[in-house]
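Participant: Counting from 1 along the sequence shown, just add 10 to a position and that's the residue number in this note's numbering.
Here a beta-carbon is modelled for each residue, glycine too, at the ideal position from N, C-alpha and C.
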Amino acid sequence: MHNVLFNLKRLHLTAQRYASEALRAHGLTPARFDVLHIVGGYGGLSQAHLRRKLGVARSTISRMLSSMERRGLISRFSLAPQRAEKWVRLTDLARALFVQLSLLARPAVAAAVGFIFEIRPNAFMQYVAAMFMIDSHMQYLRARARDRASMFDPYGDFNPDR
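1. For L38, report the span of its beta strand (DSSP E) as first-last.
2. According to DSSP, is V98 part of a helix, a strand, or is it coil?
3. Going by the DSSP bridge assignment, what does S77 pair with across the sheet?
4. With distance defined between alpha-carbon atoms, name the residue in A35, K19 and R73 nearest to V45.
5. Please report the straight-line C-alpha distance between P170 and R105, rounded to a whole angstrom.
6. What are the boundary residues of the beta strand (DSSP E) that R86 is part of?
7. Just verifying my parser: in three-state terms, what is the DSSP assignment at R93?
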């Protein structure tokens, strides 16, 4: 394994461990937080679209959403012409929880990228350009590897105020 990939993997696993601990304090798992992030980013979407975004089986998304619905985090509804197709949206409780968790994460994110501003004045723009390039290449590699989760819309899920 290349050192860059190894370090990327270790960083991801470490971040996942910290995220799991922080989310557990709020009764969430990383998978449930992913649902909040995706549904909140779209303002609501079909259960089938959400399933494709996460790359999980129908039974898995159904169980996950049923659990979140019982906890009052999401609501599911059908539109009149296609009653079989369910749509998902966040409840007020979930939106408030998502804002609270985002505010908790801000200091960690700021610390992680804060060093960029100390290097030189144009470092932030170089960082942003590098992140877009890396994201683009990762999307390409995911597609080449036939990742079963559909790709996020390019830059469509980026909102610095969340």
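Facilitator: Considering the structure as presented:
1. Numbered from its first residue, the sequence shown carries residue 38 at position 28. No beta strand (DSSP E) holds L38; DSSP gives it neither H nor E.
2. Here residue 98 corresponds to residue number 88 of the sequence shown, with the count starting at 1. It is a strand residue.
3. As a position in the sequence shown, residue 77 is number 67, starting the count at 1. Partner(s): none; S77 has no beta bridge.
4. Locating residue 45 in the sequence shown gives position 35, where the first residue counts as 1. Checked all of A35, K19 and R73; the closest Cα to V45 is R73.
5. Position 160 of the sequence shown, counted from the first residue, corresponds to residue 170. Position 95 of the sequence shown, counted from the first residue, corresponds to residue 105. For P170, the pLDDT reaches just 43, beneath the cut-off of 50, and the residue's location in the model is therefore unreliable, although a value from the coordinates is still provided. Those two C-alpha atoms are separated by around 16 Å.
6. Residue numbering aside, residue 86 sits at position 76 when the sequence shown is read from its first letter. Residues I84 to L89.
7. As a working note, residue 93 is residue 83 in the sequence shown. If DSSP states are grouped into helix, strand and coil, R93 belongs with the strands.
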